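Taking the numbering used here, the leading residue of the sequence shown gets 7, the next gets one more, and so forth. Every residue gets a Cβ at the ideal spot worked out from N, C-alpha and C, and that includes glycine. Remember, predicted model here, so these are calculated numbers, not experimental data. Some notes on the structure that comes next.
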Amino acid sequence: MFIWFISLIIWIFGFLIISRIIKIQKMKLENQLMQSYMASMEIFYDGIQNQIEATRRYRHDLANHIQTLEACLVLYSDTEEMREYMDNLKDRYHTLKNQEFLRDELVNSILLIKQEQCQEKGIPLSVDVEDTFYSGLREVDTVALLHNLLDNAIEAQDRLSPEETPGIWFSMKTDDDRIRIYLKNCISKGTPFSFKTKKSQKDQHGIGTKIIQTLVEKYNGTIAFSIDETNGTFEETIMLCRKESISR
């Protein structure tokens, strides 16, 4: 009996030690994945900043060029060739302006990138954003939040069957000192919804969702979602304060 009791104690301690080791290894892996993910987000963020700066310079130079040509047409000869050239520049300028969703260059750039991804995949994307500047959020947090939300929605469309129609609806607006983000996307009808994605754990499985939850907490926000398996839709609403939590 005594030997059995000692064996049980040894087995319990062994189990606890093994469980602790597994937990530490899991935490270490998640930490490595988080660091890798944040490093990739920094690269994505830098790319957006470079795109914003390049677009800003191009728009400025193009506008100045058009003004110079218009002045030349008034002062000098108004030839058909010069007029055609100037009209072409104006068309390019207006095309560039029409690519804008809103004046906030950071949010606008993220939406343009995701719009291009959706177009490549043949996914209809509807965007309804308030034309304002979404101040109060750190730029890197804005990038991480919107990138992950839209990335999850895009990936959900990849899991639809060929017979099902894809679709994503995105809305972002302000409400006093809060920011409201609404996202709706199609899911497979009649199939139990799962937050699991196609990504393996080595591909940072689940890290994006954790980033979203962390950022919602960071800005004293709330997150709510609803699932309609019959009609095949997933809806998510996020409310954020325009100021970080003091405790963070």
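Residue burial classification, residue i (beta-carbon count within 10 angstroms, cutoff 16)
i    : result
Q163 : buried
G196 : exposed
F231 : exposed
F139 : exposed
N237 : exposed
T171 : exposed
Range covered by the beta strand (DSSP E) that runs through residue i
i    : result
E241 : T239 to C247
S232 : T228 to D234
D137 : Segment: none, D137 is in no beta strand (DSSP E) and carries neither H nor E.
Cα-Cα separation between residue i and residue j, rounded to whole angstroms
i    : j    : result
A150 : I218 : 8 Å
I160 : T228 : 22 Å
K249 : S115 : 22 Å
D209 : L155 : For D209, the predicted structure reports a pLDDT of 44, less than 50, and the residue's modelled location is therefore unreliable. A value from the coordinates is still provided. C-alpha separation (whole angstroms): 17 Å.
I187 : K29  : 35 Å
D134 : E241 : 15 Å
P130 : N158 : 15 Å
R184 : K190 : 20 Å
Alpha helix (DSSP H) segment containing residue i, residue limits
i    : result
D157 : E145 to D164
S115 : E111 to K127
Secondary structure of residue i, DSSP reduced to three states
i    : result
I185 : strand
T203 : Only weak support exists for where T203 lies, its pLDDT of 49 falling under 50; the value from the coordinates is given anyway. Coil at T203, not helix or strand.
K179 : strand
I174 : strand
K195 : coil
L131 : strand
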